[in-house]
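Worksheet: one structure, shown below.
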Amino acid sequence: MTKGLKEKLILLAEKYETPEFLKADPSQFMHNYSNETDIETAAFISANLAFGRRDQILKHIQLILDEAKASPSQWILNSEYKNFFPKNNKSFYRMYSNNSMLIFFDTIKNILTQEKTLGNFFKKLNSEKNDTQTQSLHLCQKIAGLFSSDCNLIPHTNESACKKINLFLRWMVRNNSSVDMGLWSWYKKTNLLLPLDTHVMAQATELKLLPATSSGKVQSASFKKAIALTQIMKEVFPDDPVKGDFALFGLGVNSK
Numbered sequence: 001m002t003k004g005l006k007e008k009l010i011l012l013a014e015k016y017e018t019p020e021f022l023k024a025d026p027s028q029f030m031h032n033y034s035n036e037t038d039i040e041t042a043a044f045i046s047a048n049l050a051f052g053r054r055d056q057i058l059k060h061i062q063l064i065l066d067e068a069k070a071s072p073s074q075w076i077l078n079s080e081y082k083n084f085f086p087k088n089n090k091s092f093y094r095m096y097s098n099n100s101m102l103i104f105f106d107t108i109k110n111i112l113t114q115e116k117t118l119g120n121f122f123k124k125l126n127s128e129k130n131d132t133q134t135q136s137l138h139l140c141q142k143i144a145g146l147f148s149s150d151c152n153l154i155p156h157t158n159e160s161a162c163k164k165i166n167l168f169l170r171w172m173v174r175n176n177s178s179v180d181m182g183l184w185s186w187y188k189k190t191n192l193l194l195p196l197d198t199h200v201m202a203q204a205t206e207l208k209l210l211p212a213t214s215s216g217k218v219q220s221a222s223f224k225k226a227i228a229l230t231q232i233m234k235e236v237f238p239d240d241p242v243k244g245d246f247a248l249f250g251l252g253v254n255s256k
């Protein structure tokens with residue numbers, strides 16, 4: 001990577017990792033809470049609905065959190081979500097049906113019944129490994145495995161880039177950030193992976209950080225590509241590689 005490109009990525013990350021970023025991003029919602037359990041719960045809901053147009057993502061997260069009022073964790077523990085989502089296969093948001101949402105919240109309720117926080121529960125699932133690839137894949141698989149395959153909010157294949165889970169982990173782990181919460185000291189920042197979406201993949205391809213397809217198109221996101229791009233970002237941000245997400249995502253979403 002050239003010195004010029006490194007400097008560009010550093011400047012872009014600093015430009016976009018600001019409080020202003022929150023205004024149009026699903027990361028804004030977790031900042032509305034002070035209780036750790038509610039922060040984590042709001043973040044997990046927000047990350048797993050982060051698919052599609054940003055205005056529609058924000059609208060549907062807001063619908064849920066407005067219904068949950070002051071405490072999304074208590075709303076779930078009290079099974080009040082069952083009054084909000086009817087038991088049918090009609091769409092709540094895009095391909096996510098009401099039944100899929102019910103399974104999603106049933107599973108979160110089960111977790112919160114066993115442990116006070118999502119963080120405590122996921123910490124027990126975590127396996128300390130020597131390399132980013134093994135630990136990250138293991139944790140993503142363990143989290144995904146908690147949810148029935150009928151819950152299509154959660155990825156259930158090893159090929160998935162696990163964008164939503166990696167986004168949630170970024171929010172929970174990175175500290176000293178005006179966007180990310182940094183609640184979990186038990187997971188290393190260097191073991192995080194970039195949450196790949198269309199904006200990140202497009203900018204990574206345009207900047208030649210990742211190769212295009214033989215026909216010159218942007219490749220599909222995958223877990224292997226998340227690992228590859230994160231390794232490249234370690235050249236720029238060795239102690240905090242997913243800081244590069246702000247550079248690529250910010251550039252992509254603001255270039256439209």
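Numbering (UniProt numbering), first residue to last: 1 to 256. We put the beta carbon where it would ideally sit given N, CA and C, even for glycine.
**Message:** Pull the bridge partners of residue 96 from the DSSP assignment, please.
**Reply:** 93
**Prompt:** Is residue 225 closer than 8 Å to residue 207 when the C-beta atoms are compared?
**Reply:** no
**Message:** residue 41 and residue 72 - do their beta-carbons sit closer together than 8 Å?
**Reply:** yes
**Other residues of its chain near residue 260: CB distance less than 7 Å, five sequence neighbours each side excluded** = Outside the modelled stretch of the chain, which goes from 1 to 256, sits residue 260, for which no answer is possible.
**Asked** For residue 132, which of helix, strand or coil comes out of DSSP?
**Response** helix
**Cβ shell of residue 67 (< 6 Å), same chain only, five flanking positions each side left out** = 84
**Request:** Select from 146, 105, 210, 52 the residue whose C-alpha is nearest the C-alpha of residue 121.
**Result:** 146
**Prompt:** What residue from 63, 100, 250, 44 has the CA that sits closest to residue 198's CA?
**Reply:** 250
**Item:** Alpha-carbon spacing of residue 10 relative to residue 159, whole angstroms
**Value:** 30 Å
**Integer Cβ distance of residue 232 from residue 209, believed to fall under 8 Å** = 5 Å
**Prompt:** Using the beta-carbon count (16 or more within 10 Å), is residue 17 buried or exposed?
**Reply:** buried
**Asked** Is residue 85 helix, strand or coil by DSSP?
**Response** coil
**Asked** Closest to residue 89 by CA distance: which of 81, 82, 101 is it?
**Response** 101
**Message:** Looking at residue 105: is its Cβ nearer than 8 Å to the Cβ of residue 81?
**Reply:** yes
**Message:** Cutting at 7 Å between CB atoms, please list the residues of its own chain near residue 64, excluding the five before and the five after it.
**Reply:** 45
**Message:** My output table needs one value for residue 241: the three-state DSSP class, helix, strand or coil.
**Reply:** helix
**Item:** Own chain residues within Cβ distance below 6 Å of residue 13, not counting five before or after
**Value:** 243, 246, 247
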